[in-house]
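The structure appears right after this line, and notes come after that.
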Amino acid sequence: MERNTDTVGGTFEVAETDVSTGIVPASGDAGPQKTVFIKTYGCQMNVYDSTRISESLEQEGYTLADNADDADLVLVNTCHIREKAAEKVYSAIGRLNKLKKKRANSNRPLTIGVTGCVAQAEGREIFRRAPSVDLVAGPQTYHDIGKMVRQARNGERVLHTEFEIAEKFASLSKAHPTAIKRSVAAFLTVQEGCDKFCTFCVVPYTRGAEVSRPASQILDEAKRLADAGVREITLLGQNVNAWHGTRDGGEWTLGDLLRALADIDGIERLRYTTSHPIDMDMRLIEAHREIGKLMPYLHLPVQSGSDLILKAMNRHHTAAEYLGIIEGMREARPDMAISGDFIVGFPGETEEDFEATMQIVRQVRYASAFSFKYSERPGTPGAELDNKVPEEVKSERLSRLQALLNEQQLAFNRGCVGQEIDVLAEKPGGREGQLSGRSPWLQVVNFEGDVSQIGSMVRLRVTHAGPSSLVGEPVS
Ligand code: SAH
Ligand code: SF4
Ligand code: F3S
């Protein structure tokens, strides 16, 4: 994955993914085979949702296709975070439209569905802009996906954008482990939605209010993942550290949940993303001091180093408060790697404000980061602001910021050379005889190894560091 890019890609967001969710094809039962291809854009939450959708459709008799050409049903799971992300969706639908026309008179018509954040934000408008679409379903409706798909296959036009998050979570918890063969590292959504209303952001509108999944559901799902061979779990939430629940008669926050997850046999590593500075609490910081399985990596977006811009963005904290959190984390876990998100060119951002962003970056020393040009999103308060920053100024600031972040990332990676680290072997590497996994600080590490080692923790000495990955050799 490209880092520090201004494309659909980021911490919270990942590059577009052809979801091969690890479903084992259904065992040749009667009836014609139906196949589905899911194209996923946007953040890890969407990746997680695509996995759940494919599990539900498997119950409807679908198997996964490798591409749209081989599919009876194509779902585009979309992202609305920046303009470019939304545009990509319409060009993908345009390509599918051609395929649909080609197949119209064949015995294999194509059904097209749009899910995710563009579906939520644009709803019925999608049918107008893209008449080939049969189904539009928002992120909180996937518990009904089987029924919606059946209706769409029967020629109905289906639109579902209600917020029914409790139903979605309840049905996720019933997910069927039978046919799931997972990778050794998995995502687990614990919280969805956002009440923060940063003035630049669409997420509160597309994902709805903050809702935490009950602790018991999360622990059950984690146990099932562990039983299926998962060794590393990344807890997901738009504001994951706002997660709260009750358990054993007490109020729990994310730190308590992480402690309980660390006790599950088979789970060797825990991570969480994305956190908001104003939801950081001592229990989470203490969790990093106490839980060995909790990896020393914190993704904590700051967006800007200027207090004026932070206020205009409605972030509810200052640059100094952010630095205080980082200091607390590093005190608890001196080897903590910090990662962040940045937006340059928010309306009103002066050269002085931008310099404050460069300054906070110098102070924090990031291990990795994602940085973006501000993209005006319809319906957000930011879109109403004057003093817009010209595109060329945004581009120029972004390249200065990215040069500094890239330098810091390389310095962080180089600092690992010579160290002995544990890497969870996740998959075959790029070359024959090579495996690939992640360091405690989330860096990709390539090393010589055999596929039989996948799923186990391998002790390596780091021998080489590049801008976005490390090379290690096994330590006997
Ligand atoms: N909930 C997380 C971030 C979710 S969105 C948080 O509050 O930190 C992921 C990242 O996309 C944000 O951190 C921000 O850097 C970027 N982003 C969101 N809206 C944007 C916009 N309108 N223009 C540019 N970048 C944006
Ligand atoms: Fe968007 Fe802000 Fe909520 Fe993050 S906290 S999802 S940036 S509104
Ligand atoms: Fe994109 Fe929605 Fe995630 S807008 S970043 S897919 S929450």
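Per this note's numbering: the sequence shown = residues 100 to 575.
Think of the CB as a built atom: it goes at the ideal place given N, C-alpha and C, for glycine as much as any other residue.
At the C-beta level, G212 and L234 come within 8 angstroms of one another. Scanning the stretch 377-432 from its first residue to its last, the whole alpha helix (DSSP H) runs of 4-plus residues come out as 381-389, 406-411 and 418-431. With a threshold of 7 angstroms, the Cβ atom of Q290 does not count as near the ligand F3S, since no heavy atom of the ligand is closer than that. When secondary structure is reduced to three states using DSSP, I442 falls in the strand class.
The alpha-carbon of G365 is positioned some 28 angstroms away from that of L163. Residue nearest to Y473 within the set I180, Q158 and L156 is I180 (criterion: CA-CA distance).
Beta-bridge pairing by DSSP links K526 to S535.
For Q143, the Cβ stays outside the 7 angstroms cut-off from all heavy atoms of the ligand SF4.
A251 and G404 have their C-alpha atoms some 48 angstroms from each other.
Here K526 is actually not in contact with S538; their C-beta atoms are around 15 angstroms apart, not less than 8 angstroms. Between Q219 and G237 a beta carbon distance of about 4 angstroms is seen, short of the 8 angstroms cut, so the two are scored as contacting. Three or more beta-carbon pairs separated by less than 8 angstroms are not found between the stretch 443-462 and the stretch 163-177, which leaves the two stretches without contact.
The stretch 455-529 contains, as complete beta strand (DSSP E) runs of 3+ residues, the segments 467-472 and 519-527 (chain order). In this chain, the beta strand (DSSP E) harbouring S568 covers S568 to P573.
For G354, the enclosing alpha helix (DSSP H) covers residues L353 to A361.
One thing to note: D168 has its Cβ within 8 angstroms of the Cβ of L198.
When secondary structure is reduced to three states using DSSP, N204 falls in the coil class, being assigned neither helix nor strand. The beta-carbon distance between H387 and A431, rounded to whole angstroms, is 5 angstroms. This is short enough to meet the 8 angstroms contact definition. Its chain contains A524 and L534 as the residues whose beta carbon lies nearer than 7 angstroms to that of Q552, once the 5 sequence neighbours on both sides are disregarded; these appear in chain order.
In this structure, T298 lies away from Q337, with their beta-carbon atoms at least 8 angstroms apart. The alpha-carbon of V283 is positioned some 18 angstroms away from that of S153. Taking a cut-off of 8 angstroms for Cβ pairs, the stretch 508-515 and the stretch 471-486 do not touch, as fewer than three such pairs fall below it. By the criterion of a C-beta distance shorter than 6 angstroms, V217 is surrounded in its chain by T177, H179, A185 and V188, once the five residues flanking it on both sides are discounted.
A418 has its alpha-carbon roughly 22 angstroms from the corresponding atom of C293.
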